[in-house]
Ligand code: 1CP
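Spelled out as structure tokens, the structure:
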């Protein structure tokens, strides 16, 4: 069976059209997801493979995107590591007892994904059997820093005060915690690869909060360890936001594709990453709240910036905003697929 456009682009091979999918394409902005959510809590959907696979397929059917991302959440591995959490409406994941002390870190366990999250593997197997030909299946996990942020802060944060205080004040503790997170993430992603994921994305959603030197010292060794352990399995995507100044470092982290947000031009990002990496991005998700003409202009600029060089996966710079119109998303998918660089 031939491989999909997304995988071809991830390998920087020629494609018949630019592949496109959207971060957070499953869920919140789609009426069919909202309808299902009236009957089931989000975590119940994620833990029920038939429901999770059905939700992952909703944007494939409605929008015509080139990839399905497994319906899960970056916080799902936490209980298996000994950290209980709840999803609170309007807030997101909230951890009742954040990881702050040496005793908290010592109590962490390395995840046993087959025992703790077997349903994620089952969802991927179901998805692989059901996706249309040419649509690739993306598995994912949080990058170590972003998972650590939730663990230590207890919820999303603006200043990351507790995380940074641990990093700087108790570096041994920090590295021990990051070691357990990385080992857990590797095991979790290996399970997803074995279940049939065609590509893996590491979400480092909050990495842009870091100074480059602190990224290099406290985070990079752990992110690199995750990518190194998965090297040679499937295509690896490294997603960050606010990460423009980190790109020269991220270049060496071991991913095949780096996902950038709208705060940097695609051409500039490519100069920092070098020609050997593929790029994913980078429309501002808020652009989709404007009129179609505003979307089209920005999408065309991104496509022109990529200029048809092999290795561009069109995406947003961060997740779809809940109020986005699905019609606008579908129109954007068609537009990206119809686009051809001058030389094609
Ligand atoms: O009731 C609901 O439906 C809750 C909303 C929701 C959904 C649909 C949450 C809570 N998680 C999810 C699913 C989810 N999370 C997916 C599935 C596929 C998809 O939507 O396409 C994915 C890929 C994620 C990943 C995720 N979760 C990230 C990384 C991506 C990003 O946006 O940066 C992060 C940071 C989370 C944490 C999280 N989970 C949920 C919320 C509301 C949040 C963000 C909270 C915060 O800002 O701190």
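Residue numbers (my numbering): 436 to 779.
Just so you know, even glycine gets a beta-carbon here, dropped at the ideal spot from N, CA and C.
Source: prediction; values computed, not measured.
Task: Reduced DSSP secondary structure (H/G/I, E/B, other) of residue 729 - done: helix
- [ ] Apply the 10 Å Cβ neighbour rule to residue 627 and answer buried if 16 or more other Cβ atoms are within range, or exposed otherwise.
- [x] buried
Open item on the list: Taking the alpha-carbon of residue 613 as reference, which of 479, 648, 660 and 568 has the nearest alpha-carbon?
Closed with: 660
Task: CB contact flag (residue 632, residue 572, <8 Å) - done: yes
Open item on the list: Can you tell me where the alpha helix (DSSP H) holding residue 640 begins and where it ends?
Closed with: In the DSSP annotation of this structure, residue 640 is not part of any alpha helix (DSSP H), being labelled neither H nor E.
Task: Contact under 8 Å by Cβ, residue 738 with residue 457 - done: no
Task: Outcome for residue 657 when other beta-carbon atoms lying within 10 angstroms are tallied against a minimum of 16 - done: buried
Open item on the list: Under 7 Å: does the beta carbon of residue 509 sit that close to some heavy atom of the ligand 1CP?
Closed with: yes
Open item on the list: Shorter than 7 Å, the distance from the beta carbon of residue 460 to the closest heavy atom of the ligand 1CP, or not?
Closed with: yes
Task: Residue from 558, 481 and 590 whose Cα sits closest to the Cα of residue 533 - done: 590
Open item on the list: Using only CA atoms, which one of 491, 478 and 602 lies nearest to residue 559?
Closed with: 491
Open item on the list: I'd like to know whether the C-beta atoms of residue 648 and residue 677 end up nearer to each other than 8 Å.
Closed with: no
- [ ] Enumerate, from N- to C-terminal direction, the unbroken beta strand (DSSP E) stretches of 3 or more residues contained entirely within the segment 446–529.
- [x] Within the segment 446–529, the runs of beta strand (DSSP E) that reach at least 3 residues and sit entirely inside it are, in chain order, 502–504, 521–523 and 527–529.
- [ ] Return yes when at least one heavy atom of the ligand 1CP lies under 7 Å from the C-beta of residue 782, else no.
- [x] Residue 782 cannot be examined here, being either before or after the span of the chain that is shown, 436 to 779.
Task: As assigned by DSSP and simplified to three states, the class of residue 542 - done: coil
Task: Whole-angstrom distance between residue 749 and residue 684, CA atom to CA atom - done: 22 Å
Open item on the list: Since residue 707 and residue 689 should fall inside the 8 Å C-beta cutoff, what is the C-beta to C-beta distance between them, to a whole number of angstroms?
Closed with: Going by Cβ atoms, the distance from residue 707 to residue 689 rounds to 16 Å, so no, they are not a contact pair.
Task: Endpoints, beta strand (DSSP E) assigned at residue 571 - done: 571–577
Open item on the list: Check this for me: beta carbons of residue 547 and residue 499, under 8 Å apart or not?
Closed with: Contact flag unset, no.
TODO: Would you check whether the ligand 1CP has a heavy atom nearer than 7 Å to the C-beta of residue 512?
DONE: no
Open item on the list: Extract the residue ranges of the beta strand (DSSP E) inside the segment 644–715, only unbroken runs of 3 or more that lie entirely within it.
Closed with: 670–675 and 692–694
TODO: List the endpoints of the continuous beta strand (DSSP E) containing residue 747.
DONE: 747–751
Open item on the list: Is it buried or exposed, residue 482, if we count other Cβ atoms within 10 angstroms and call 16 or more buried?
Closed with: buried
Task: Helix, strand or coil at residue 739 according to DSSP, with G and I counted as helix - done: helix
Open item on the list: On the CB-based measure, 16 or more other CB atoms within 10 Å of its CB, does residue 454 come out buried or exposed?
Closed with: buried
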